[in-house]
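In our numbering, the protein residues as written are 16 to 252.
For glycine and all other residues, C-beta sits at the position ideal for the given N, C-alpha and C.
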């Protein structure tokens with residue numbers, strides 16, 4: 016119990032001084048919403064029907080892929096890992112706490128978008144809010160699991176940022192939030208289906224759970240969990 020509380024305390028201190036977390040989970044997504052929300056609804060008035068979903072997909076993907084990996088590198092590729100071991104804190108706790116912290120921040124940011132979009136851009140509120148937030152919860156979890164692989168596999172901050180951007184850009188461009196996915200070449204449409212953003216957007220835009228949208232997200236989450244457990248064992252050696 017003492018080790019767990021120590022881990023929580025250490026993670027809280029890291030979060031408090033993390034500018035990356037503030038920028039990627041709040042400032043950039045909300046700025047993108049303020050600028051692109053106006054452009055989307057002006058150029059394509061019908062965009063207001065899915066504005067909440069598209070802005071949320073951008074924000075969650077940004078916060079997860081760009082925001083989480085540096086925090087994991089800071090823990091597992093620095094002296095913080097030695098501090099964990101010296102105080103008897105299991106290494107997996109660092110991964111769990113950073114994910115929980117990022118999850119809370121991303122969910123709060125998504126709630127802000129959910130409230131602000133109808134007020135600012137007359138965006139359409141999802142017909143089934145309960146279903147929407149369940150879909151959002153699943154999407155955030157899967158996005159963070161993919162981001163965790165990057166944070167555990169890449170041990171250099173500069174390389175981590177580069178890899179995160181390389182995953183982030185196709186996630187957004189091929190997800191369908193910028194333009195209908197049907198307009199993409201077949202090859203790009205197929206590549207887009209490898210990323211959680213595509214399925215998260217589709218799931219949140221639907222009013223009912225569709226098994227064909229849920230299954231890819233669950234498979235991605237299971238795969239990411241297995242990979243993360245393997246990477247943690249290697250780090251612990």
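Is DSSP giving residue i helix, strand or coil here?
i           : result
residue 231 : helix
residue 191 : coil
residue 114 : helix
residue 152 : helix
residue 205 : helix
residue 92  : coil
residue 80  : helix
residue 59  : coil
residue 34  : helix
residue 224 : coil
residue 85  : helix
residue 255 : Summary: the structure shown does not reach residue 255, with the chain confined to residues 16 through 252, and so no result is reported for it.
residue 65  : coil
residue 174 : helix
residue 140 : coil
Taking Cβ to Cβ, would you say residue i is nearer than 7 Å to residue j?
i           : j           : result
residue 129 : residue 187 : no
residue 220 : residue 190 : no
residue 78  : residue 39  : yes
residue 154 : residue 215 : yes
residue 82  : residue 113 : no
residue 246 : residue 156 : no
residue 192 : residue 72  : yes
Inter-stretch contact at 8 Å, needing at least 3 Cβ pairs: the stretch 150 to 164 / the stretch 231 to 240: yes
Three Cβ pairs or more, each shorter than 8 Å: is that satisfied between the stretch 142 to 149 and the stretch 47 to 63? no
Touching by the beta-carbon criterion (3+ pairs, under 8 Å), the stretch 119 to 127 and the stretch 165 to 180: no
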